[in-house]
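Colleague: Could you have a look at this structure, given as structure tokens, before my questions?
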Amino acid sequence: MSNLPTTASDLNESVNPEELGVFRCARMLVLFAVAKRDGRRLASVDRLAFYDFFADSPWVVVSGERRIDIADARALKVAGFSQTQLSYASTGPRFASRRQRVQFDLAQLVAYGLVSSEGAEYEITELGQDREQRMYSSYADAYRVSAGIVLRRLSSLSLTRLQTSVEEWIGHSWLLLDLLDDVRGAELPIAIETTAQKDE
Numbered sequence: 000m001s002n003l004p005t006t007a008s009d010l011n012e013s014v015n016p017e018e019l020g021v022f023r024c025a026r027m028l029v030l031f032a033v034a035k036r037d038g039r040r041l042a043s044v045d046r047l048a049f050y051d052f053f054a055d056s057p058w059v060v061v062s063g064e065r066r067i068d069i070a071d072a073r074a075l076k077v078a079g080f081s082q083t084q085l086s087y088a089s090t091g092p093r094f095a096s097r098r099q100r101v102q103f104d105l106a107q108l109v110a111y112g113l114v115s116s117e118g119a120e121y122e123i124t125e126l127g128q129d130r131e132q133r134m135y136s137s138y139a140d141a142y143r144v145s146a147g148i149v150l151r152r153l154s155s156l157s158l159t160r161l162q163t164s165v166e167e168w169i170g171h172s173w174l175l176l177d178l179l180d181d182v183r184g185a186e187l188p189i190a191i192e193t194t195a196q197k198d199e
């Protein structure tokens, strides 16, 4: 997590936050904190990759005219998420880029003692919670709102149902297959859901 700008010339250059490991890890730590707060399980890296992406792109999953849809949309707007901020037509390519970094960022959090692996789940540690509580910014607050909504909507789905939904949202099933191949090939103590877990 050392790729922060260090000189004046670095600061003058246009920086994409997604290229900064410290930014991505901090955002993922917020996701873990929200999951802990709301009692949501992060039972595999597969799921973490989905939650991480959609918590930052919540309009992909929040749609419809049900009362809960309207309430979630209102909460996202109040938090500052605009439906016109991003081109959701590019959701697939952004997903493909984002998912390649998930296992590396998770390894960083584990190495720094901010996240631990407890059996078949990943969970934020006390140290991680302490660091997350020190994050004060409008983006962090907005992300907490979005993460809560996304986790509530997606965490109850079986992995099979979640995969099907993701294929519908991003439009290219090969992206999903690449995600699972990459995650399972990562050199981490990864908890991958079994076939029995998928269909629970």
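Per numbering that gives the first Met the number 0, residue 0 is the first one in the sequence shown, and the count goes up by one each step. Note that the Cβ used here is the ideal one computed from N, Cα and C, for glycine as well.
(1) State the DSSP-derived secondary structure class of residue 175, mapped to helix, strand or coil.
(2) Closer than 6 Å by C-beta to residue 66: which residues in its own chain qualify, once you throw out the five before and the five after it? Chain order, please.
(3) At which residues does the beta strand (DSSP E) containing residue 120 begin and terminate?
(4) Thinking C-beta only, is residue 144 closer than 8 Å to residue 49?
(5) Would you report the Cα separation of residue 138 and residue 159, rounded to the nearest angstrom?
(6) Count Cβ pairs between the stretch 59-74 and the stretch 11-29 that sit closer than 8 Å; are there 3 or more?
(7) On the three-state DSSP scale, how would you describe residue 114?
(8) Measure the beta-carbon distance from residue 146 to residue 33 and round it to whole angstroms, keeping in mind my assumption that it falls under 8 Å.
(9) With distances taken between CB atoms, is the gap from residue 154 to residue 39 smaller than 8 Å?
(10) Less than 6 Å between C-beta atoms, sequence neighbours within five positions excluded: which residues of the same chain meet that for residue 82?
(11) Assuming residue 150 and residue 37 make a contact with CB atoms under 8 Å, what is their CB distance in whole Å?
(12) Going by C-alpha to C-alpha distance, which of 27, 18 and 19 sits closest to residue 134?
Modeller: Here's the rundown:
(1) Caution applies to residue 175, whose pLDDT of 45 falls short of 50 and renders its modelled position unreliable; the model cannot decide the point.
(2) There are no such residues.
(3) Here the beta strand (DSSP E) through residue 120 covers 120-123.
(4) no
(5) C-alpha separation (whole angstroms): 31 Å.
(6) Segment contact: the stretch 59-74 against the stretch 11-29, fewer than three CB-CB distances shorter than 8 Å; contact not assigned.
(7) For residue 114, the three-state secondary structure derived from DSSP is strand.
(8) 4 Å
(9) Contact annotation: residue 154 and residue 39 have beta-carbon atoms nearer than 8 Å.
(10) Leaving aside the five residues that flank residue 82 on each side, the residues in its chain whose CB is nearer than 6 Å to its CB run, in chain order, 58.
(11) 6 Å
(12) 27
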